Amino acid sequence: MNILYNNSEQRFRAGIRIVVFLVISILFIRPSSLISISWVASLSISLGCLLAAFLVVKGMDKRPVSSIGLEVSKVWWIEFGLGVFIAFLAQTIIFSIEYGFSWLEITGYGWQRAGIEMWGWSAFTYFMTMLSVGFYEELLFRGYPIKNLAEGFTFGKITSKQASWIAVILTSVLFGFAHAGNPNASAISTFNIILAGFMLAVPFLLTGRLAMSIGIHFSWNWVMGGIYGLPVSGLDGRRSVLQTNEIGPDIWTGGKFGPEAGLLGILGMIFILICILLYARKQNPYGKLELHESFRSDFKPNKKSEA
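The following block contains the structure:
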């Protein structure tokens with residue numbers, strides 16, 4: 293057996309493909325460190341990851357880019373919008389609970405600090421940054437690795453379905469520890485981010501598209517930090533519409549790390565997960581919950597499909 297090349301699939305094995313993808317991604321996003329404007333740097337990272345994914349998927353994976361959840365279609369944009377809306381509702385529920393229990397206080401509005409024009413530009417750059425982060429983190433932690441890890445773990449008695457969930461668990465753990473170095477991070481926040489990784493992977497497995505995952509990820513961060521002024525993974529939302537100060541119990545609010553380290557964050561994720569499952573079940577012609585066909589079938593070389 294060739295440990296590097298899969299003769300039956302006529303391509304390099306999953307581990308090699310993932311390593312190459314990560315190396316090329318790092319090379320392409322490295323120039324972003326030279327860009328002093330944060331939102332432009334984030335945008336350049338997104339473009340670098342997208343280019344790396346395109347080259348590796350077409351060149352080494354030997355399949356269309358749509359196989360990792362990226363496509364240009366009406367349903368893709370509908371699911372992206374749905375993800376944005378669902379996460380907005382989740383964050384609004386979290387904010388409403390905190391405000392209702394007097395666990396936070398509104399201290400002012402963003403434009404009162406620096407004027408409407410300066411604040412408006414700052415709010416725009418925050419919006420673009422969160423949009424870019426939502427895109428490239430989903431591509432790096434969900435789109436490419438889950439697809440390839442699932443294929444790599446499909447052997448022996450391990451079915452493609454089981455391998456897909458193994459891939460989700462591994463990437464979710466990696467996602468959690470990738471945020472363990474954030475300001476005010478803790479064991480609880482890391483565990484909750486792992487749960488968030490699982491939540492974000494579910495729509496990809498059920499629809500075969502990253503649209504909803506990207507929409508949820510972007511909106512979750514942007515609404516939390518850009519509208520309600522809550523800390524996002526330990527980072528303060530100073531350019532938010534509402535200027536707020538959390539004063540409630542950390543076990544619920546997450547303290548300085550934000551809702552993602554508290555029980556309210558888990559509540560928000562459960563709400564989102566329920567919405568995802570309801571949508572997926574409604575879209576299924578038989579009214580069932582099952583993995584997308586791309587996660588239930590083995591890779592077939594030289595199969596013609598559209599990108």
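Residue numbers (this note's numbering): 293 to 599.
Every residue, glycine too, gets a C-beta built ideally from N, C-alpha and C.
From a predicted model like this one, the values you see are computed outputs, not experimental measurements.
Check                                                                                                                                                                       : Outcome
Taking all protein chains shown into account, decide if PRO551 is buried (16 or more other Cβ within 10 angstroms of its Cβ) or exposed.                                    : buried
Between LEU342 and ASN576, what straight-line distance do the alpha-carbon atoms span, to the nearest angstrom?                                                             : 29 Å
Based on the DSSP secondary-structure assignment, which residues constitute the bridge partners of ARG303?                                                                  : ASN298
Once you ignore the five residues that flank ARG309 on each side, which residues in its own chain have a CB closer than 8 Å to its CB?                                      : ARG303, VAL348, MET352, ASP353 and ASN440
Which runs of the alpha helix (DSSP H) at least 4 residues long sit entirely within the segment 432-508? Give them in chain order.                                          : 436-444, 452-470 and 479-499
So which of ALA477, SER336, ALA459 and LYS580 has the shortest CA-CA distance to TYR428?                                                                                    : SER336
Check VAL524 in the structure and name its three-state DSSP category.                                                                                                       : strand
I'd like to check one pair, TYR520 with ILE387: are the Cβ atoms closer than 7 Å?                                                                                           : Rather than Ile, the amino acid found at residue 387 in this sequence is Phe. Contact flag set, yes.
Out of ASN484, LYS453, SER452 and ALA455, state which residue places its alpha-carbon closest to the alpha-carbon of LEU466.                                                : ASN484
Find out if the Cβ-Cβ distance for the pair SER414, ARG588 is shorter than 7 Å.                                                                                             : no
What are the boundary residues of the beta strand (DSSP E) that ILE564 is part of?                                                                                          : Per DSSP, ILE564 belongs to no beta strand (DSSP E); it is in the alpha helix (DSSP H), 555-575.
Pick helix, strand or coil for GLU582, following the three-state DSSP scheme.                                                                                               : coil
For ASN294, is the classification buried or exposed, using 16 other Cβ atoms within 10 angstroms of its Cβ as the cut-off for buried?                                       : exposed
Taking one C-beta from the segment 540-549 and one from the segment 399-410 each time, how about it: are there three or more such pairs within less than 8 Å?               : no
Please name the residue in SER525, LEU559 and SER452 whose C-alpha comes closest to that of SER586.                                                                         : SER452
Count the other CB atoms within 10 Å of the CB of PHE393; is the residue buried (16 or more) or exposed (fewer)?                                                            : exposed
Mapping DSSP to helix, strand and coil, what is LEU362?                                                                                                                     : coil
For GLY546, does the three-state DSSP call read helix, strand or coil?                                                                                                      : coil
Shortest alpha-carbon distance to GLY526 belongs to which of GLN454, PHE445 and ASN513?                                                                                     : ASN513
For the segment 374-385 and the segment 495-508, state whether three or more C-beta atom pairs, one from each stretch, are separated by less than 8 Å.                      : yes
Mind listing, in chain order, the continuous alpha helix (DSSP H) runs of no fewer than 4 residues lying wholly within the segment 387-421?                                 : 403-406
When we look at the beta-carbon of LEU497 and count the other beta-carbons within 10 Å, is it buried (16 or more) or exposed?                                               : buried
In terms of alpha-carbon separation, which member of GLY361, GLU301 and GLU390 lies closest to GLU430?                                                                      : GLY361
Buried or exposed: which applies to VAL315, given that a residue is buried once 16 or more other Cβ atoms fall within 10 Å of its Cβ?                                       : exposed
Taking the beta strand (DSSP E) that LEU326 falls in, what are its first and last residues?                                                                                 : Looking at the DSSP string, LEU326 is not in any beta strand (DSSP E), and its letter there is neither H nor E.
Buried or exposed for LEU296, going by 16 or more other Cβ atoms inside 10 Å?                                                                                               : exposed
CA-CA distance, PRO437 and ALA493?                                                                                                                                          : 11 Å
Shortest alpha-carbon distance to SER330 belongs to which of GLN383, THR417, LEU396 and LYS366?                                                                             : THR417
Drop a sphere of 10 angstroms on the beta-carbon of GLN535, count the other beta-carbons inside from all chains shown, and report buried for 16 or more, exposed for fewer. : buried
Flag this pair as yes or no: are the beta carbons of ALA572 and LEU581 separated by less than 7 Å?                                                                          : yes
Considering only DSSP beta bridges, list what GLU538 is partnered with.                                                                                                     : LEU396
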